[in-house]
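As structure tokens, the structure follows; a few thoughts come after it.
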Amino acid sequence: MVLNIDDQTALLDELESYTNGRLSKEPQIFSANDLNNNLIRNRSSLPLYYQQPFSRLGPLPRFSAIIGICDDGLPLLFDLSNPTAGSILILGSASTGKIQLLQSILHSVALLNPPSDVNYYVISPEPDRYYEIANDDHCSGIFSSYERSSRDIVIELTALAEQRKTGRHTGTVVILAIDNLYAFLKNNEFEIDIHLKWLVQYGPNNGVWCVSTLQAHLLDQVNREMLLGYKTRLIAQSPSLALTSGLDRLPHSIRSGSFSTQVGNQSISFNIPIFD
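By my numbering, the letter at position 58 of the sequence shown is numbered 58, and the numbering carries on one by one without gaps.
This is the structure:
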């Protein structure tokens with residue numbers, strides 16, 4: 001079944017209302033870092049991959065990841081020590097930079113944190129696309145969506161998160177990066193849906209984060225309860241989403257190839273960084 005415009009609007013509105021109703025009153029997990037006043041500001045436009053030398057970003061907090069570079073040249077940060085914003089869904093049509101954004105987030109994790117603090121797993125239908133990070137000390141494994149090992153990782157991380165519920169967040173923060181959420185779910189049994197749905201919703205509270213990509217036209221092919229567990233959505237400029245009222249809240253200035261996310265009541269657009 002193809003998701004029509006009315007269905008897309010209803011689903012996006014539901015996702016939006018779910019997020020707004022559950023965000024903590026504490027400071028948002030996303031923040032425009034202002035530690036380095038020498039960063040270039042007031043750029044009228046930025047390319048899709050904004051070349052931001054990592055050394056110019058200044059000291060950044062522990063347990064951080066860089067989501068992107070805002071239009072003023074400052075980084076948009078993700079705090080891996082605060083579960084408020086929950087799991088992350090990168091949403092857009094084909095060829096809008098979803099995989100590049102996912103790779104960039106993982107790269108920033110490796111640059112900002114020692115392996116003893118944060119590591120990650122990657123599940124992808126095209127694992128060869130991640131060969132550059134395969135030998136990274138932060139990388140605990142890259143698995144094909146079609147192999148049993150990818151299912152085992154989800155079960156293992158679900159068990160880890162459940163064990164951590166009995167105490168405070170101990171041990172290494174873990175990121176489970178799922179490239180093409182639909183492909184992974186399609187090739188696995190219903191049991192994995194249950195495990196992953198739980199992990200998406202409760203993992204961040206226990207130091208296990210899910211960051212997934214999904215093509216916009218496949219929204220109706222993924223369990224709605226699972227989608228609702230992704231409290232933070234990074235939305236690419238996408239023809240299939242631009243016609244829906246669910247994106248009326250996004251900046252009209254958003255450019256093709258850029259992304260936008262909701263931070264409280266504010267919509268923020270950003271670009272994918274490349275680090276030296």
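Just so you know, even glycine gets a beta-carbon here, dropped at the ideal spot from N, CA and C.
- A contact between stretches requires three or more CB pairs, one per stretch, nearer than 8 Å, and the stretch 216 to 229 meets this requirement with the stretch 180 to 199.
- Excluding the 5 residues flanking it on each side, residue 202 has same chain C-beta neighbours closer than 7 Å at 161, in chain order.
- When rounded, the separation of the alpha-carbon atoms in residue 72 and residue 269 is 10 Å.
- Counting along the chain, residue 235 sits inside the beta strand (DSSP E) bounded by residues 232 to 236.
- Beta-bridge pairing by DSSP links residue 141 to 121.
- Our two residues, residue 120 and residue 175, have alpha carbons roughly 4 Å apart in a direct line.
- Here residue 92 is actually not in contact with residue 273; their C-beta atoms are around 17 Å apart, not less than 8 Å.
- Setting aside the 5 residues that flank it on each side, residue 137 is surrounded in the same chain by 115, each with a C-beta closer than 6 Å to its C-beta; the list follows chain order.
- Each of 173, 144, 130 was checked against the Cα of residue 185, and the nearest Cα belongs to 144.
- Under the DSSP definition of a beta bridge, residue 208 partners with 174.
- The beta carbon of residue 182 sits closer than 8 Å to those of 214, 215, 218, 221, 222, all from its chain and outside the five residues before and after it, given in chain order.
- DSSP, reduced to helix, strand and coil, places residue 97 outside both helices and strands of the structure shown, so it counts as coil.
- When DSSP states are grouped into helix, strand and coil, residue 166 belongs to the coil group.
- Of all alpha-carbon atoms in 206, 148, 113, the one lying nearest the alpha-carbon of residue 159 is that of 206.
- When DSSP states are grouped into helix, strand and coil, residue 216 belongs to the helix group.
- Spatial neighbours of residue 151 in its own chain (CB-CB distance under 7 Å, excluding positions within 5 residues in sequence) are listed in chain order as 188, 192.
- Contact check for residue 86 against residue 197 fails: the beta carbons are separated by 8 Å or more.
- In the DSSP assignment, residue 69 falls outside any alpha helix (DSSP H) and within the unbroken beta strand (DSSP E) covering 64 to 70.
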